[in-house]
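Structure, as structure tokens:
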Amino acid sequence: MCGRYYRRSDKQRIADAFRIGVPPSFDILPSYNIAPQTFQPIVRLDAETHQRELALLRWGLIPWWAKDAKIGYSTINAKAETLTTSPTFREALQRRRCLVPADGFYEWQTLDSRTKQPWAISLRDGSPLAFAGLWDTWKDKTTGQPLETYTIITTEPNELTAKLHNRMPVILAPRDYDRWMAPADPARLPVDLLRPYDAGLMTSWKVSPAVGNVRNNSPDLCAQVPIGH
Numbered sequence: 000m001c002g003r004y005y006r007r008s009d010k011q012r013i014a015d016a017f018r019i020g021v022p023p024s025f026d027i028l029p030s031y032n033i034a035p036q037t038f039q040p041i042v043r044l045d046a047e048t049h050q051r052e053l054a055l056l057r058w059g060l061i062p063w064w065a066k067d068a069k070i071g072y073s074t075i076n077a078k079a080e081t082l083t084t085s086p087t088f089r090e091a092l093q094r095r096r097c098l099v100p101a102d103g104f105y106e107w108q109t110l111d112s113r114t115k116q117p118w119a120i121s122l123r124d125g126s127p128l129a130f131a132g133l134w135d136t137w138k139d140k141t142t143g144q145p146l147e148t149y150t151i152i153t154t155e156p157n158e159l160t161a162k163l164h165n166r167m168p169v170i171l172a173p174r175d176y177d178r179w180m181a182p183a184d185p186a187r188l189p190v191d192l193l194r195p196y197d198a199g200l201m202t203s204w205k206v207s208p209a210v211g212n213v214r215n216n217s218p219d220l221c222a223q224v225p226i227g228h
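Just so we're aligned, residue 0 is where the sequence shown starts under numbering that gives the first Met the number 0, counting upward by one.
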């Protein structure tokens, strides 16, 4: 699964990486310990213009038909292998695909029954990356207020992440951004893109256990831990 990630990029770097215009009033600060249920930027297509737009959504997808928002606590990830059959995700897969900007993600390696070592994982060249995501709009039955949420799609691990976990987020190459988000025939959905990323283009390093506390959010969380620590 992918339960924590980080984003060093500010809105200008995101705008450059995803070839998107960002309104001056739209402010995004770097975040080094992104946790579920927080509001984060995603890239999607505007419903009218079909141009890329940046939006802030809450992590943990709530399908439009859900009776209770609590479902969002268990839907931070969506398995690539079951998207087309899952009632929770299959409609979003057909109509509401998005990109989730990030600079890397965290996984915890089990050392023994009491100890887990966190690792940061990113692209080797340090460039921003995009997780494949889905989004939806849910309306609170009591207040009538809409809430937009998203999920990150996961797949089998590549050789690098397999040493740490049995899943990894789907990372899309820039050449596939348009195809992933573009409207598509339900019979020809771009599910072939939901595969492990090339391990040779990625790198990983040990980080501080402080990343385990969601209240911590500073640049040093994704810094390499000195040898011997």
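Even for Gly, the Cβ is constructed at its ideal location relative to N, Cα and C.
| Item | Value |
| --- | --- |
| Can you give the beta carbon distance from Q93 to P185, rounded, assuming they're within the 8 Å contact cut? | 5 Å |
| In the structure shown, what three-state DSSP assignment does W64 receive? | coil |
| Tell me whether T229 sits in a helix, a strand or coil according to DSSP, three-state version. | One cannot answer for residue 229 here, as it falls past the ends of the chain, which runs 0 to 228. |
| Please report how far the alpha carbon of D9 lies from the alpha carbon of A172, in whole angstroms. | 20 Å |
| Measure the C-alpha to C-alpha separation of I239 and A101 and round it to an integer number of angstroms. | The structure shown does not extend to residue 239, since the chain spans only 0 to 228, so no value can be given for it. |
| Which residue from G59, E47, T48 and L53 puts its Cα closest to that of G20? | L53 |
| In the DSSP assignment, find the alpha helix (DSSP H) that holds Q93 and state where it starts and stops. | R89 to R94 |
| Identify which residue in M0, A16, E106 and R18 has its Cα closest to the Cα of I75. | M0 |
| Considering just the uninterrupted stretch of the alpha helix (DSSP H) at Y176, what are its terminal residues? | Y176 to M180 |
| Per DSSP, what kind of secondary structure is K10 in: helix, strand or coil? | helix |
| Is the CB-CB distance between N215 and A209 below 8 Å? | yes |
| Which whole-angstrom value is the C-beta distance of P243 and T136, which I expect to be below 8 Å? | Any property of residue 243 remains undetermined from this structure, which presents the chain solely from 0 to 228. |
| Which class does G103 belong to by DSSP, given the choice of helix, strand or coil? | strand |
| Grouping DSSP H, G and I as helix and E and B as strand, with all else coil, what is T48? | coil |
| For I170, which beta-bridge partners are listed by DSSP? | F130 |
| Using the DSSP secondary-structure output, state which residues sit across from E147 in a beta bridge. | T136 |
| I need the straight-line Cα distance from L193 to T153, nearest angstrom please. | 8 Å |
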